[in-house]
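Trainee: Structure in structure tokens, see below.
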Amino acid sequence: MWLVTLLLLYSLQKVKSEDVISTRLYFVNASLQRVTFSSSVGVSLPCPAGGAPHAILRWYLAAGDDIYDVPHIRHVHSNGTLQLYPFSPSAYNSIIHDNEYFCTAENMAGKIRSPSIHIKAVFREPYTVRVADQRSMRGNVAVFKCLIPSAVQEYVSVVSWEKDTVSIVPGNRFFLTSYGALYISEVQKEDALSTYRCITKHKYSGETRQSNGARLSVMDPTESTPTVLDSFQSGEVQIGHSVELPCIASGYPNPTIRWLKDGRPLPADSRWTRRITGLTISDLRLEDSGNYICEVTNSFGSKEVTGRLNVIEPLRVTLSPKNLKTGISSTVILSCAVQGSPHYTVSWYRNTEPVLPDQHFSIQGAHNETLFISAAQKRHSGAYQCFATRKVQTAQDFSIILLEDGTPRIVSPFSERVVIPGEPFSLGCTAKGAPPPTITGLWMMNL
Ligand SMILES: *[C@@H]1O[C@H](CO)[C@@H](O)[C@H](O)[C@H]1NC(C)=O
Ligand SMILES: *[C@@H]1O[C@H](CO)[C@@H](O)[C@H](O)[C@H]1NC(C)=O
Ligand SMILES: *[C@@H]1O[C@H](CO)[C@@H](O)[C@H](O)[C@H]1NC(C)=O
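Residue numbering for the sequence shown is -17 to -1, 1 to 430, as defined by mature numbering (1 follows the signal peptide of the UniProt record, and there is no 0).
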């Protein structure tokens, strides 16, 4: 029988880097940036970030303060859900009920933060909506607008219009625009006999309101230059969505409407539709941005109005490399690629703390989009996040960096074994190191 002593195993084999980092951090909803709720209902907001196998979830005010429980007002559940309870107007506190919050998730891999989330309570406040009386000529158009107080404009929208308490079904001379106005075309004498009301709904309290009943005086046509009754000034719309640019005018003879974009006739494209309620552009593209001119003309003159449309792309951020494990004293380069806008600012965080340039960290690139970590130390491990911000839009991505003492180590060796000549056998050996080491096998025989 031979005693075989193997110093190291059989073949040359690259050791599998022992883990794709097994603890994870993630976002449940990275785009959550605004939460508005009714004071009479309250809100319950799960942390938009999380981790596996387990992460500690914490909420903060964007100003940096840790948040604390306020009995019957605010509570953070052990599962990381932030709860703001229903409250009466006297318990309103802007620091709690109208403020920027963020949530963090922390585990062994590091700590990430959500973008700031504006949490805002709205009250069931009394408000009235109004419609003003209008004048028009027979055969012309009439425009009714629902006047919503500016304090609630953000939450209150027109759901329908009524003619003599009967809900108007659009079509057949009556049109509702996407902005909530009522247009009546080919006005007739009997339109003056009715009253017109708008019905609105509050987005958060669900309350509906009915305006006063407005009337239309209908006159006989008299020759007149065009007057623009409704138009648009400027708008910002996301790529892929659709938009309606209103433009309507009265005058006799009835004016014709011509649209120009950046001084030229509209491109021939099936995405563009001209309706009485305006110019509709669907499936918006970036090149649809521009100055839109609506020119209304009849034999007595012409008028024009100009509006600006900006088509915007959502910001997207990609941080690379994604999850890196490397040895201490190496140089780590993180790059943050931002898409969706030429104008943005970039900020860097490590474990939710801003990265400050020092002897190890430097931030470079025209937009601060590259982070260099030179002679990286073990303490530089963690979750690195890159945030891009443009106006109210924010997007982020993160990467887990693990810095290890890179000296190769044998994790599971094998022990001496006695084998029978001619019989196959196997021996296992795993080693660890950064960068991953290779294992070399040698053998010696004692006869
Ligand atoms: C994320 O939040 C946004 C904004 O509140 C919301 O529109 C969207 O539906 C949410 N997405 C998911 C997957 O919950
Ligand atoms: C968190 O806990 C609260 C209170 O127990 C519960 O109402 C809520 O549904 C939980 N949320 C999640 C996301 O598990
Ligand atoms: C880059 O970062 C520096 C320091 O944080 C800041 O002063 C500068 O304005 C930033 N540049 C850009 C283009 O965001």
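Yeah, the Cβ is synthetic: ideal placement off N, Cα and C, and Gly gets one too.
Which residues in the same chain have their Cβ closer than 6 Å to the Cβ of aspartate 52, if we skip the five residues on either side of it in sequence?
Mentor: Cβ within range, chain order: His58.
Trainee: Exposed or buried, which one is asparagine 281 when buried takes at least 16 other CB atoms within 10 Å?
Mentor: It counts as buried.
Trainee: Look at the alpha carbon of lysine 374 and the alpha carbon of tyrosine 327, and state the distance between them as a whole number of angstroms.
Mentor: Roughly 8 Å between the two C-alpha positions.
Trainee: Under the criterion of a Cβ to heavy atom distance below 7 Å, does threonine 64 qualify as lining ligand 2?
Mentor: Indeed, a heavy atom of ligand 2 lies less than 7 Å from the Cβ.
Trainee: Do threonine 205 and glycine 234 have their CB atoms nearer than 8 Å?
Mentor: No, Cβ-Cβ distance for threonine 205 and glycine 234 is not below 8 Å.
Trainee: Take the Cβ of leucine -9 as the centre, count every other Cβ of all protein chains shown within 10 Å, and call the residue buried at 16 or more, exposed below.
Mentor: Bear in mind that a pLDDT of 37 at leucine -9, under 50, signals an unreliable position, so the model cannot answer this.
Trainee: By DSSP, does leucine -9 sit in helix, in strand, or in coil?
Mentor: Only weak support exists for where leucine -9 lies, its pLDDT of 37 falling under 50; the value from the coordinates is given anyway. Coil.
Trainee: For the 8 Å Cβ check, are there 3 or more pairs between the stretch 329 to 339 and the stretch 354 to 374?
Mentor: Flag = yes, the stretch 329 to 339 and the stretch 354 to 374 touch.
Trainee: Please list, following the chain, all residues that have a C-beta closer than 7 Å to any non-hydrogen atom of ligand 3.
Mentor: Taken from the N-terminal end onward, the list reads Thr328, Val329, Ile346, Ala349, His350 and Asn351.
Trainee: Measuring from the CB of histidine 60, is there a heavy atom of ligand 2 at a distance below 7 Å?
Mentor: Result yes, Cβ under 7 Å from ligand 2.
Trainee: Please say whether cysteine 230 and leucine 199 have beta carbons closer to each other than 8 Å?
Mentor: Cβ atoms of leucine 199 and cysteine 230: not closer than 8 Å.
Trainee: Along the chain, where does the alpha helix (DSSP H) that runs through isoleucine 78 open and close?
Mentor: Element bounds for isoleucine 78: 77 to 80.
Trainee: Look at the Cβ atom of arginine 254, then the Cβ atom of aspartate 245, and state whether they are nearer than 8 Å.
Mentor: Contact: no.
Trainee: Nearest CA to the CA of proline 36: which residue from Thr64, Leu67, Arg268 and Glu89?
Mentor: Per the Cα distances, Glu89.
Trainee: Between which two residues does the beta strand (DSSP E) carrying phenylalanine 370 extend?
Mentor: Where phenylalanine 370 is concerned, the enclosing beta strand (DSSP E) stretches over 365 to 373.
Trainee: Relative to the C-alpha of arginine 362, which candidate in Ser133, Phe381 and Ala92 has its C-alpha closest?
Mentor: Comparing Cα positions, the closest option is Ala92.
Trainee: In the DSSP assignment, the beta strand (DSSP E) including lysine 184 goes from what residue to what residue?
Mentor: Unbroken beta strand (DSSP E) run through lysine 184: 178 to 185.
Trainee: Who are the Cβ neighbours of serine 97 in its own chain at under 6 Å, not counting the five residues just before and after it?
Mentor: So the list reads Pro31, Ala32, Phe85 and Cys86, once near-sequence residues are dropped.
Trainee: With DSSP collapsed to three states, give me the class of leucine 354.
Mentor: Of the three classes helix, strand and coil, the one that applies to leucine 354 here is strand, per DSSP.
Trainee: Is it buried or exposed, threonine 421, if we count other Cβ atoms within 10 angstroms and call 16 or more buried?
Mentor: Classification of threonine 421: exposed, given that the 10 Å Cβ count is below 16.
Trainee: Tell me whether leucine 339 sits in a helix, a strand or coil according to DSSP, three-state version.
Mentor: Residue state, collapsed to three classes: coil.
Trainee: What does the Cβ neighbour count give for glutamate 352, buried or exposed, with the cut at 16 atoms within 10 Å?
Mentor: Flag for glutamate 352 reads buried.
Trainee: Please confirm whether glutamate 108 and valine 142 have their CB atoms less than 8 Å apart.
Mentor: Cβ distance not < 8 Å, so glutamate 108 and valine 142 don't count as in contact.
Trainee: On a CA-only basis, which of Arg156, Gln360, Gln322 and Ser303 is nearest glycine 310? Give me that one, please.
Mentor: Comparing Cα positions, the closest option is Gln360.
Trainee: For serine 5, which residues in the same chain have their Cβ closer than 6 Å to its Cβ, ignoring the five residues on either side in sequence?
Mentor: Answer for serine 5: no residue qualifies.
Trainee: With a threshold of 16 other CB atoms inside 10 Å of the CB of glycine 379, please say whether the residue is buried or exposed.
Mentor: The question names glycine, yet the displayed sequence has glutamine at residue 379. It is buried - the Cβ of glutamine 379 has at least 16 other Cβ atoms within 10 Å.
Trainee: If we define contact as Cβ-Cβ less than 8 Å, is serine 140 a contact residue for chain C?
Mentor: Looking at the structure shown, chain C is missing, and only one protein chain is on hand.
Trainee: What residue range is occupied by the uninterrupted beta strand (DSSP E) comprising alanine 32?
Mentor: Counting along the chain, the beta strand (DSSP E) containing alanine 32 begins and ends at 32 to 35.
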